[in-house]
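> This is the structure I have questions about; it appears just below.
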Amino acid sequence: MAKEQEENGNGSSKLLIELPLGEAAEGFELEKAICSHGLFMLAPNHWDPISRSFSRPFRLTSPPLTVTVGISQPPTSSSSTLYLRVYGASSLSPLHRHSLLNQVSRMLRLSESEENKVREFRSIVEALHGEEEATEYLRSFSGRVFRSPTLFEDMVKCILLCNCQFSRTLSMAKALCELQFEIQHQISSSKAAEDDFIPKTPAGKESKRKLRVSKVSIRLESKLTESKVDNSVSDLQLSQELHDFVGMGSFPSPEELAKLDESFLAKRCNLGYRASRILKLAQGVVQGNIQLTQLEEDCKETSLSSYDKLSQRLRQIDGFGPFTCANVLMCMGFYHVIPADSETIRHLKQVHSKSCTVQTVGRDVELIYAKYAPFQFLAYWAEMWHFYGQRFGKLSELPVSDYKLITASNMKHKKIATRKRSKTSAEE
């Protein structure tokens, strides 16, 4: 059972909640659980390689409340508890506390069913490879793949991963969180107006189309003075343990996105065609046509038949093709299907000397990783993540500014020179 107590420091209050890891405690490492997929690099997530702690805003329900939380693991090998520090709060209601614990557990895959999958995967690896040095990366892989606190955020970010370099995915995610900050701190006005926003996040190279800005359905202010920032943000500035979230909001909710104009959203966040897909997803959730809670319930049984049913339902959502659906279902706990794209083709050629095409890559990954069934994706991803580490250095030690270097083109060359963050270096 989670325990909580109030902390005070730097003139601001913090609520400390101790979250027992339960059956997941054996071998659990926060660093490996978080730094296990590129999703951990996307805003509003922030991993600090020095303190080995994680922070981000969480949107709690009943009633709505956004809090910024730092997550750390005590530096002892036998630690069976995570520390959750809720900044700017001295207490949480039982419903808010329950919402926070559920989201953290989802993000880190701390459920009993996820723990069983971790153990089953490790057993398969041990049975196949024993003490082989060549596959040490499989044994050291945690078996947990980081995901977002909510299914909606996962679904949007899976859209952002499609058909672009990772640097642009980073840029789009950051822009969405900046937009959420602006929505949250909008200045009330009774006058109808047209706002021409210039994206604060650098635009990617992929799209060069000129997008017209039309009237938006809610009024936003593009420039916010420090005096307009609420106390919770001021509290964050006083805390040296957290990334500077000023100007950065949480991940936008379906309700916030559903009200936006498509052209405005596309230009403000440099989303291109993805704006339409994200907007339709958000509107479907708000209108009740897409039942996220029901989808989460239905994925508790991770059988082949339930996968097929869920895949069919996801494919009915505009823009959810095979790759996006497979990624979303991986986030939901299905590991027998590998989301295959051009990066998969590159990896198979570079690591397995296997030449394949878009038409054959699905069949090829099935053959190569079939022995790990029903955890083919975990084996594939452990291998992929290992080779990323060989190219760029330990990914959990990269400074934020180097995340953009993780591209397919850089994977084709020798190890990329990256700079590890030192205790004296300034935070990006």
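Oh and the sequence shown: position 254 is 254 in my numbering, straight run, nothing missing. No residue lacks a Cβ here, since even glycine has one placed at the ideal position from N, Cα and C.
Please return the same chain residues whose Cβ sits closer than 6 Å to the Cβ of Ile290, not counting the five positions on each side in sequence.
Position 290 of the sequence shown, counted from the start, is the residue given in the question as residue 290. Excluding sequence neighbours, Ile290 sits near Gly284.
> With DSSP as the reference, identify every bridge partner of Arg277, one or two as the case may be.
The sequence position of residue 277 within the sequence shown is 277, counting from 1. None, per the DSSP bridge assignment.
> Per the contact definition of three or more C-beta pairs closer than 8 Å, is the region 139-154 in contact with the region 35-47?
Verdict: yes, contact present.
> In the DSSP assignment, the alpha helix (DSSP H) including Thr76 goes from what residue to what residue?
Counted from its first residue, the sequence shown places residue 76 at position 76. No alpha helix (DSSP H) holds Thr76; DSSP gives it neither H nor E.
> Roughly how many angstroms separate the alpha carbons of Ser217 and Arg315, rounded to a whole number?
Looking up residue 217 in the sequence shown gives position 217. Looking up residue 315 in the sequence shown gives position 315. For Ser217, the pLDDT reaches just 35, beneath the cut-off of 50, and the residue's location in the model is therefore unreliable, leaving the point undetermined.
> For the alpha helix (DSSP H) holding His46, just list the boundary residues, first then last.
Indexing the sequence shown from 1 puts residue 46 at position 46. It is not in any alpha helix (DSSP H) - His46 instead sits in the beta strand (DSSP E) that spans His46 to Asp48.
> Any idea if Glu114 is buried or exposed, counting beta-carbon neighbours within 10 angstroms, 16 or more meaning buried?
Counting from one through the sequence shown, the residue named residue 114 turns up at place 114. Label assigned to Glu114: buried.
> Among Leu265, Gln165, Leu367 and Ser140, which one has its Cα closest to the Cα of His386?
Looking up residue 386 in the sequence shown gives position 386. Taking only the C-alpha atoms, the option nearest His386 is Ser140.
> Distance, Cα to Cα, Lys208 vs Tyr380?
Mapped onto the sequence shown, residue 208 falls at position 208. Mapped onto the sequence shown, residue 380 falls at position 380. At Lys208 the pLDDT is 42, less than 50, meaning the model places this residue with poor confidence; the figure from the coordinates comes in the next sentence. Cα to Cα, Lys208 sits roughly 34 Å from Tyr380.
> With DSSP collapsed to three states, give me the class of Lys300.
Taking the sequence shown and counting its residues from 1, the one referred to as residue 300 is at position 300. DSSP places Lys300 in coil when its eight states are reduced to three.
> Quick one: grab the DSSP three-state call for Gly362.
Position 362 of the sequence shown holds residue 362. Note: Gly362 maps to helix in three-state DSSP.
> Per DSSP, Ser353 is paired with what?
For this step, residue 353 is matched to residue 353 along the sequence shown. For Ser353, which the question treats as bridged, DSSP gives no partner whatsoever.
> My assumption, with CB atoms under 8 Å, is that Arg277 sits in contact with Ile159. Please give the rounded CB distance.
Looking up residue 277 in the sequence shown gives position 277. Looking up residue 159 in the sequence shown gives position 159. Right, the Cβ-Cβ distance comes to about 5 Å (below 8 Å), so this counts as a contact.
> Roughly how many angstroms lie between the CA atoms of Glu366 and Gln376, to the nearest whole one?
Residue numbering aside, residue 366 sits at position 366 when the sequence shown is read from its first letter. Residue numbering aside, residue 376 sits at position 376 when the sequence shown is read from its first letter. Cα to Cα, Glu366 sits roughly 8 Å from Gln376.
> Among the candidates Ala173, Glu255 and Leu265, whose CA atom is the shortest distance from the CA of Lys430?
With the chain represented from 1 up to 428, any question about residue 430 goes unanswered, as that position is not in the structure.
> With distances taken Cα to Cα, identify the nearest neighbour of Val67 among Thr76, Arg52 and Arg85.
Mapped onto the sequence shown, residue 67 falls at position 67. Closest by alpha carbon: Arg85.
> Going by C-alpha distance, which of Phe251, Thr357 and Thr81 is nearest Glu29?
Stepping through the sequence shown from its first residue, residue 29 is reached at position 29. Cα-wise, what sits closest to Glu29 is Thr81.
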